[in-house]
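Please read the structure below before turning to the comments.
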Amino acid sequence: MPPLWQAAEKAVGAEGEMLARIPIYVIRGAREVEIWGCAGILEYGSSQVRLSMERGTATVTGEDLTLEDFEDGVLTVRGMIAGLSFGEEGNG
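Right, here's the structure in full:
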């Protein structure tokens, strides 16, 4: 199976790895978020996970947060997800 970004590029007629540089967030209810394009973990706690992305940061907030399956730039955060926010590098 091709990576998700390749399937998305084909569906919208994009060329090259254009979408590979765009973070993809797959939210499954209020219990899980899968994040594609994660460069690293900046902060981790049970109520907040702050991530370094190719451009800027992403922050997941909630309760009882755990990190699962961090491989090849794809990270899954599980728990009671309350929010997902985005910021510039060095900010939120």
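If you're matching positions, the sequence shown starts at 6 in this note's numbering and goes up one per residue. Positions of the beta carbon are idealized from the N, C-alpha and C atoms, including for glycine. Model, not experiment: these values are computed from the prediction.
Report yes if the C-beta distance between residue i and residue j is below 8 angstroms; otherwise report no.
i	j	result
Thr-64	Arg-83	no
State the Cα-Cα distance for the pair residue i and residue j, rounded to the nearest angstrom.
i	j	result
Thr-62	Tyr-49	13 angstroms
Ile-86	Lys-15	31 angstroms
Val-31	Glu-73	14 angstroms
Leu-89	Val-54	10 angstroms
Leu-80	Leu-47	13 angstroms
Locate the beta strand (DSSP E) running through residue i, then write down its first and last residues.
i	result
Ala-87	79-92
Glu-76	62-76
Ala-44	43-49
Which residue's Cα is closest to the Cα of residue i: the options?
i	options	result
Ser-51	Gly-42, Asp-69 and Glu-59	Asp-69
Gly-92	Gln-53, Ser-57 and Glu-37	Ser-57
Glu-59	Thr-66, Glu-73, Gln-53 and Ala-44	Ala-44
Asp-77	Gly-42, Thr-66, Pro-28 and Ile-27	Gly-42
Ile-27	Ile-40, Gly-34 and Phe-75	Ile-40
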